Every structure is written in C-alpha cells, then in structure tokens.
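Protein chains: 2
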Amino acid sequence: MKTIIIGGVAGGMSAATRLRRLDERREIVVFERGAYVSFANCGLPYFVGGVIEDRSALLLQTPESLAARFGLDVRVRHEVVGIDAAAKTVTVRNLDTGSELTETYDTLVLAGGSSAGLGPTTGFVPTHTLRSVEDVDRVLEVLRSLDGPERVVVVGAGYIGLEAVENLLARGAMVTLVQRGPQILSPLDPEMAAPIEQVLRGHGIDVRLGTTVTGARPGVVQLSDGTEVAADLVIEATGVHPETGLARAAGITVGQTGGIVVDGHQRTSDPSIFAVGDGVEKTDALDGRGILVTMAGLANRHGRAAADAIAGIDPGPAAPAFGTGIVGVLGITIATVGWSEKRLRASGRAHRVIHTHPSSHAGYYPGAQQMAVKLLVDPADDSILGAQIVGGEGVDKRIDVIATAMAGHISASGLSRLELAYAPQYGSAKDAVNLAGYVADNLRTGNTRTVQWHELDTLLDAGATLVDVRSPEEFTAGAIPGAVNVPLDELRDRHLELANGQLVVHCQVGQRGHTAARILTQLGYDVRNLDGGYLTWKAGTSPSRTSATAEKEAA
Amino acid sequence: MKTIIIGGVAGGMSAATRLRRLDERREIVVFERGAYVSFANCGLPYFVGGVIEDRSALLLQTPESLAARFGLDVRVRHEVVGIDAAAKTVTVRNLDTGSELTETYDTLVLAGGSSAGLGPTTGFVPTHTLRSVEDVDRVLEVLRSLDGPERVVVVGAGYIGLEAVENLLARGAMVTLVQRGPQILSPLDPEMAAPIEQVLRGHGIDVRLGTTVTGARPGVVQLSDGTEVAADLVIEATGVHPETGLARAAGITVGQTGGIVVDGHQRTSDPSIFAVGDGVEKTDALDGRGILVTMAGLANRHGRAAADAIAGIDPGPAAPAFGTGIVGVLGITIATVGWSEKRLRASGRAHRVIHTHPSSHAGYYPGAQQMAVKLLVDPADDSILGAQIVGGEGVDKRIDVIATAMAGHISASGLSRLELAYAPQYGSAKDAVNLAGYVADNLRTGNTRTVQWHELDTLLDAGATLVDVRSPEEFTAGAIPGAVNVPLDELRDRHLELANGQLVVHCQVGQRGHTAARILTQLGYDVRNLDGGYLTWKAGTSPSRTSATAEKEAA
C-alpha cells in the first residue's frame, strides 16, 4: 500500500507520522513544494522580531530526521502539478531540475494549505507574505539591507498582521497598518477591537482603517485614502484562500466557501483522496454549514483523523469547528471562539449579549489585570454562541474554558457552576468565567434586563433617564452625556429624585449597575442596566475611523 | 420575612448579598463570631509573607459597607450559641459584652465553615492556624517580636501548609514541615508529589514525612520520630473539620462525612434551614456520595443557590463537586481535579493511568516550561476520573479545561478534539490537553499498551527486557537499572538484538517510547511502553522518606 501526501507542514505531516505509527509497512511519500517541511509557521513573525533568535528553532523536522524516525520519503522542492484520479497517479515536478515524474498511489492526502496573493506594490516595493521560511528569509534580507530606519507597510490587521506589527515594532521599524474594513481584527466586534486600536496608535503605529493599497511607485505605497506612504517593505497579511487548483482539476468537489469538501473522516468526493488543513472546508459547530478556519490545531487534528481512516481504524467522532483563535500584541491578549455579534446579526440569528470586565485573579493579590469579556448567548436555549476576551494574564485560560464548555454543550448559565481552580494568584472564588455565567443566568431568568451601548441613544432619545450610580469622583472623571449621578449606596434614599419613566442605570463595568437595577426594579421602576457599564460604552463610542481621519485632515 | 445567616465570610456573605438583590424588603441579619466579615481567607498566608502588603486589602467589606450597599444587618463578634428549630429562633451571644439575645427567623442559613484544633504544642510554643484575620495578626505579632531568625514548625503539608511554607521562606524563616502521611500534598499521587518535595528540600525546608507532633517544651516541639525542633511558632495547617455543633444540637441531619446534609438547593433536613460552605457535605461528581470539599468557589456558588431557593426562584440544577484545587509554592503550580489513583485503588474502582510531560507552549517560542500531567480514565466508558498537573506556566489553564470537560461529560479521548486557542506564546497546535487525549485514545483503541512505573519491577522480575530508546547521551546521563539502550531511530535496523519475550520500551517522557512500541508491535513483538517515561519512573522511585530518614541518621 502506498500513500502520497501533498504538503509537508501541519496537517500533512501529522497525517504522515500518524499513518506510520499505525502502519509500519506502508510506503509513505510526502511532496512539499517549499524547501522546508514541518516548520513552525506560527513562529515566523517572531523570528522577524528576534523573539525567536535561532532560525533552526523554526525547523522542527528535516527530510532526513523524518526518514530516520518515521521511514518517510519526504521530497522538498517537489510540486505536484496534476492528479489523475482515475489512474491514481500524480505528476510531480522537481523545482530544482524542472524534470517531471509520475507516482502511483493507493490513497492520496491533499494538505496543500492556503495561499495569499501579493498586491499592486509588487515590483515597486519589496512585497512578501509571512507564510514560509523562505518568506521570512526574504523579509529579513530586505530589512537587514537598510541603512536608516525600517519603513514597513503591513496590509491586513488580522492575527498575522498584528503579530507582524508587534515584531516590526520590536525592531524599531516605522509601521503603517492598512486595513480594508472599518476596524482592526475583524473576528472581534467593534467595541472589543477599539481599545486595541488605541494601544496600537499609542505605540506610534499609523493605523489606516477602511483603506486599501491602490498602487505603488518605487519606494512608495499608494493608498485608497489618497495618501502615499514611503516604504522599504510591504508585508501582505490578508486575502488567504484555500489551495484547491489540483483538487478542482481532478474533479474533487469544492464547496461554496472555496474549500475542499470532506466527510467527517476527511475523505473527499473521491474515496481514495483525503484532504486536511487550510484547504479544507470545516463544519461550523453552530449552524453545521461549511466554513473556512485556517488554524494549525485543526490541521493537526484532521491530519491524524485522515491517517486513522486510511489505516482503517476508527478516527473517532467528527468534531465540528468553533474557530477558536488567539493573538498577542503589545502586551494585550485577544481571544475568540464561536460567532461574533456582527456575524449573528448578519445571519439574523437571535442572541443575547453580555459584557463583563472581571479580574484575572483575586483583586487583593498583587498584579491582577482587568479583562473585557463578551459572551453571546442563544436566548432560545441558553447555549453559548461565542465569546471574545481582551486583556492580559489569563485571557487564554478563559477562552479555552469557554471553548471546552461549548464542546461539552454546557449552557451559558452553566458557566456559573463550573468548578474552576482557585488560589489568589490564579483566579477568583467567582472566576471571570463564573461571573459571565451569573450574568447569563440573571438574563435567562429575567432577573435583570440590560441595554447595549449601541442601543443607549435610542432609549435616551425616547425620553429615558440615565442614572450613573458610580461615585462622584468617577462621574467627574468622565461620564456619559446626559447622565445624572446618584451613587449606588445613596439610591435607596434618593430614588424619588428620579423620573418615573424608563430608567437606564450604569456603573463602571456593570456590577454595581446590576445591584442598582435590582433595587429600583423592586421599588417599582422600569429599569435596564447598561451592559458592560461605562467601559463598554466608552469603547463602543470611541473616536471612529471617520473622526480619526478628520483629525488627520485638520492637522 | 426575615433571614438569619450564621457566618459572614464566603458562603454566608454570598447568600446575604444575593438574597438582598432578589428581595429588597426582607430583613437579613448576619451573625459573625469573628471581628471581620467578608475577608480574603485565601489571602491570609500571603499577608504573612508580605506579598500582600496592605492589611486592609484582606478586608473586602465591612459591616458598614454592607449596610450601605446591601442593607444588611451585620453583627460581628456575635456567636450563635443555640438554634430552636421548632420555635424558629436563635440565641446569640455578644462576645464583647457576654450578653445574650434571642432572634426569630423565617429562614436560617448555616455558614459557619470549618475549624481546626490546635495540637499539643499549645501553651509551650505560640501555636496558631491561618484561618482568620485575627490568626494572622497573632502570627505576625509573634514573628515581629523575635530578634533572631524565625524558627517555625508548620504542621500539615497540604495546600495551606505549603502556602505557609512559601511565605515563611519569603520572610527568611527556618521552616520544619511536619506531615503525618508518607508524602506531601495528599490529594496527589506519590510520583506527582515527590518532585515537589525535592524542591522544598532544595530550598532548605526540613521536611518530615510520616511524622506527627507528639508534645512540646517551652520553645521546643517534640516529634514522633524522636527528635526535637527549636521553634518560635507553630502553624497548624491540618485537621480541618466541619463546624456542625449547632446543627447537631438542633436535630439537623449530619452525614457520615461529618458534614451537614443538604439537598440540591442547600436545604437541610429542616425545611427552614439551609447550609452552605465548608460545613456542608457535597455530592461527589464521580460516585454521587457525600464528600467534604473545603473550597471557596463552592461556598460562593452554594451561597447563591441557597439565596435563590430562599427567595423562591429556581436556583438552577444542582452541580456535584469535582474537588478542583490549586496551590502555588516556590514557583511550582500544583492542581488537581477529581479522584487520585490512590483513591481509585482504595475504592476498588477500575482505572487507566496516563502520564505525560508536555510543554506549556510551543517549544520553538522562548520560555516554554515542561509540566507533568496525570490523567485517570474509566476503562469502561473512557470518562475522565481525575487529573493532576504539576509545573509552572499554564498549569491552571489545563486543570480548568479538564474540569470543564468533566462537567461537560467530554470523554478522555474527546480531549484530543478540543479546539483550544493556539499561538506560540500560549500553547501548542497539539496542546497539553489534546496530547493527553491522544494517549487516552490510543489506550482506548488498544493502539498502545502501557506499564506504570510501579509495575515495572514485577515485569522485569518475570523476565521482560527493558529497552531504553533515548539517545546514548541521555542513557549515559541516567538510566533505569537493567535497561539496554537502542535509540529509536536505530530500532528498525537493530531490533533483532532484542530478546523475543515481553519487551518494555521507554524514553524520557513516553512519546518516543510510543513510536518504538508501535514499530516493535508491528514487527511481532509483545511490547509495552513505560507510561510517562524515565521522568515518571524517576519521580515514582525517588528516595523515599525511609531513605531520607536513613541519610539523616547516617549524617
């Protein structure tokens, strides 16, 4: 038996090594177009920044080490240029010699990943992606050749774009970040992304939202806002799409997402051909539809599952994709799982929104950091639809707990009952995740009613009274226009000062507001608590791209 | 309506504040025997060590702040000395004046917690627990009165004992740690605890295992090993038992564990009396039996549930207790959930054992730390029975993920399919939790067979051959007696050198051993992989108390 694997990084190499452990006698051939296999693609930006100092640390395996340990026949710089599914052969070009050969297979694994095109700066300014070791070598060659300051345009403010920004900043580079959409980090909702954008600007990054690269002259990048930016280098960190040319040519079904369609065991429409990794359409955990998720964890898991199926053992139940993701930039950790509010709204799916701002660990123990948590909940069954967390310490822990809860079908209210490890340096007796569950439970039972930051104006326009229950000191330091200040501890004595119509109460993060809402509700008022308090409102209404652009024009 | 709450810390105060938010008009009276309510009991050891510098940080609320915000009638230094359940009254003694009063209630909440007795050193050496603010004040008074080095005996090597040790060490104290059992940290299995014990000894702690305090003279503590230790202070960190005197006297049912029996909504055998916190028997998640778990998180959760039930709203489903716990000591984080192997064995429950030693994050990114993971699995249905993790960074995250998986009834193999957040500074594409799931899946399917460190001798005595597949350098640096060294990458060429009977293979942590076992199995050998590799074997067979004692005697 002979299995050919096209692509020798995460998914392909997981399939190859697992298959060898399952079947010592099978012939396993891996063709990799690039010069390296099994490299640390998620580490590439950090080599640019010097965080990873040793280039060899990126090369986890070599063809030689894989031959010695796993008896794999790994051929780099070999590009598969055609598949004859009927004959079960592939045509392979040796990129060094140009010669072609034909290899037969019993089973074939497509693990070609995704690719990104280069924009119109190509030919005028050195323009590269950060997707291979060769890319990084070229980027560093450009940067090291410079005498003066490094001037770099990063196109795309997603995960890789922000990692590039952080690492360029570590080199002392001057960075312009160009983002087509109206916010950075499009997996986030805008009020979660805005504070991060402010931090980037605070570090001197020139963030251009709602902007695209339109052209270039030698050493100059032209933008859709009509400006020009002097640049020694452009890093393209956007526009990834699945590599499906070979699959399409071989008649394999490709889905509407543009990814190869597979069954729960990674088998394509051709029973002898499997596919894993970025090139493959995943099944969305929330609606069961096809979705593209380009994450290394899924690629590895699916590589293993394909190997199991090829070897004829049970690969376990198919697990859908939640799209769990995380990125660190300039001391901030940003993590998401499931759907955003934007996406829920766009698809017309009912949802509840919860914003909290809990501590990473007990407040009485030094070093606690505040994080912003957003939880999306299905009002029909209290199931968790998604979460976004932005902060420092412990963000990764909370997103993993929520991702696990989603996989285990634990309800949003059920998060309050999770028994999480507590000692003061690690968490709180009521952990950040528990607290989100408590709020979900209060919404589920109708114990509290909330209003979102973007709904506030409508309520105020309709005559609602906004009551800020923070301290006078907090109120003076910055308040929502139109709010009256009645501190929580005075509310029982002073509530008669308030109007009798709709009340909206708020505090800094939502917790005192909840207590205030409970007091006023029981006193007979019609009350809503501003979800996430002043902090979420402030983030949601922070100066937008438009006003930032206006400032720039005025300057 | 009037609710009286006995005990004003975690569970009692959660009940009180939640009840107020649910019912603005109810009379709520809290009696607390001590001088403080709502203090940070889990922070007390860190105030001794100076990590928490400001004493007021320990005092989260005062009677005044609770009156202002929550309209609570909180009376400190008031001890409830009797309950008349038929008359629905309590008798309360004012500890400052000695006067007694009787208060009626509609509902009563017992939140008196647990207590610990003081040993035979009392009266000869200042002897205190670390359970209240007053305790810590007294401990610091003793320590600050000393001129020379602080000589402290800590009795009990559990969570609080180790936190005391760390903080005493931070003060420069000379510490003797006396532990009745044969290992420190009895929730752990011995091979998980042994490396921590070595670290304690390395920091100069005099660890006495299998030892008790038998008596004292002024300034001297006498131990069961016949030695005497000069001591300025004894800290008792053992022997906690539920406070149930009031409950028993009132005819309320107390379980075999010694804790008050409650239903899923914290109601005792008297329908007007609820109980929460350390004094209450919890329901074990694994066998549904009563169990004592003295954790602040559960106390808070149950306080809230009791308030819901008292207010007549649905407190949600009862959630059993997994006993999730965590402690940090000298840079090591130790966390557990569920049952240990010791406990499973003692109860005769079938189990599989898995040891792994994964990285806290991607190895190619700087700063990754190795952790030791132990997973206990039910062979009948692949459910997770428990986990223990010892390491540095990220231990808290992994135990919380596993605790959440257990709550969500995710199987051990299912851990491999969790979609956890990966960027190189936070985790790995195959996260530590995923890896444990992969091993579980290999055991479930019979793809691998393992042998535990404590089973090795029996197999070797029966004639098995032990094959160390690590590199010659690793073998030379330290090997298991009797092992032959055949590096993994040479195994396909050299397997004919091996005997034909039972083979046991091993590497450093178990991963190369697994590949070796797969190769040899397919070559027709009868092979087992040493679970957890050399590291787990080394930890399990490290010099025991006995030999440590022998060394001491020889010295």
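Those protein sequence lines, which keep their order, are chains S and W. Just so you know, we're using the UniProt record's numbering here: the first sequence kicks off at 1 and counts up by one. Just so you know, we're using the UniProt record's numbering here: the second sequence kicks off at 1 and counts up by one. Even glycine gets a Cβ: it sits at the ideal position worked out from N, Cα and C. Predicted, not measured: the structure shown is a model, and the values here were computed from it.
Do you know offhand how far residue i's Cα is from residue j's?
i	j	result
V505 of chain W	T268 of chain W	55 angstroms
G367 of chain S	G325 of chain W	21 angstroms
T227 of chain S	P187 of chain S	27 angstroms
V178 of chain S	G408 of chain S	39 angstroms
T283 of chain S	V254 of chain S	14 angstroms
E197 of chain W	S542 of chain W	10 angstroms
A319 of chain W	V48 of chain S	49 angstroms
D206 of chain W	T536 of chain S	52 angstroms
L60 of chain W	I52 of chain W	13 angstroms
K374 of chain S	Y159 of chain S	19 angstroms
F274 of chain S	D263 of chain S	9 angstroms
T549 of chain S	L200 of chain S	For T549 of chain S, the predicted structure reports a pLDDT of 47, less than 50, and the residue's modelled location is therefore unreliable. A value from the coordinates is still provided. Rounded to the nearest angstrom, the two C-alpha atoms are 16 angstroms apart.
L496 of chain W	R25 of chain S	17 angstroms
H265 of chain W	L246 of chain W	20 angstroms
P182 of chain W	W339 of chain W	18 angstroms
L456 of chain S	R352 of chain S	16 angstroms
E243 of chain S	G279 of chain S	5 angstroms
T62 of chain W	V527 of chain S	29 angstroms
Please state whether DSSP places residue i in a helix, a strand or coil.
i	result
M174 of chain W	strand
S547 of chain S	The pLDDT assigned to S547 of chain S is 43, lower than 50, so where the model puts this residue is not dependable, and the model offers no usable value.
T107 of chain S	strand
I160 of chain S	helix
L143 of chain W	helix
I5 of chain W	strand
E150 of chain S	coil
N434 of chain W	helix
H203 of chain S	coil
T17 of chain W	helix
G44 of chain S	In the sequence on display, residue 44 of chain S carries Leu and not Gly. In the structure shown, L44 of chain S sits in a helix (DSSP, three-state: H, G or I).
A423 of chain S	coil
G414 of chain S	helix
N442 of chain S	helix
I480 of chain S	coil
Which residue marks the beginning of the alpha helix (DSSP H) containing residue i, and which one marks its end?
i	result
T536 of chain W	533-540
E341 of chain S	341-346
P242 of chain W	Note, P242 of chain W: premise wrong, no alpha helix (DSSP H); beta strand (DSSP E) at 240-242.
S65 of chain W	63-70
I512 of chain W	Checking the sequence, you will find Arg at residue 512 of chain W rather than Ile. Looking at the DSSP string, the run of the alpha helix (DSSP H) that includes R512 of chain W is 511-522.
A395 of chain W	Reading off the sequence shown, one finds Val at residue 395 of chain W, where the question assumed Ala. Per DSSP, V395 of chain W belongs to the alpha helix (DSSP H) from 395-407.
L385 of chain W	No alpha helix (DSSP H) holds L385 of chain W; the beta strand (DSSP E) holding it covers 384-391.
Using the rule of at least 16 other Cβ atoms within 10 Å of the residue's Cβ for burial, across every protein chain shown, is residue i buried or exposed?
i	result
N300 of chain S	buried
M406 of chain W	buried
residue 558 of chain S	What the structure shows of chain S is the stretch from 1 to 555, and residue 558 of chain S is not part of that stretch, so it cannot be assessed.
L520 of chain W	buried
M1 of chain W	exposed
R248 of chain S	exposed
T102 of chain S	exposed
E134 of chain S	exposed
A499 of chain S	exposed
Can you tell me where the beta strand (DSSP E) holding residue i begins and where it ends?
i	result
F274 of chain S	273-275
F31 of chain W	27-32
H355 of chain W	352-356
S88 of chain W	The residue you asked about is not Ser; residue 88 of chain W is Lys in the sequence shown. Segment: none, K88 of chain W is in no beta strand (DSSP E) and carries neither H nor E.
residue 606 of chain W	This structure does not reach residue 606 of chain W, given that chain W is present from 1 up to 555, and the question cannot be answered.
Answer yes or no: the CB of residue i versus the heavy atoms of the ligand FAD, is any distance below 8 angstroms?
i	result
V353 of chain W	The ligand content of the structure shown is nil, which means the ligand FAD is not present either.
* Asked: Closer than 7 angstroms, Cβ to any Cβ of chain S: which residues of the stretch 392-410 of chain W, in chain order?
  -> D396, K397, I399, D400, V401, A403, T404, A405, A407, G408, H409, I410
* Please name the residues in the stretch 317-347 of chain W whose beta-carbon is closer than 7 angstroms to at least one beta-carbon of chain S, in chain order. => A319, A321, F322, T324, G325, I326, V327, G328, A335
* Of the residues that make up the stretch 424-435 of chain W, which ones have a beta carbon closer than 9 angstroms to any beta carbon in chain S? -> P424, Q425, Y426, G427, S428, A429, K430, D431, V433, N434
* **Interface residues of the stretch 286-306 of chain W facing chain S [CB-CB below 8 angstroms]** => Taking 8 angstroms as the upper bound on Cβ-Cβ separation, chain S lies near residues M295, A296, G297, L298, A299, N300, R301, R304 of the stretch 286-306 of chain W.
* **Within 9 angstroms of chain W by C-beta, residues of the stretch 168-193 of chain S in sequence order** => none
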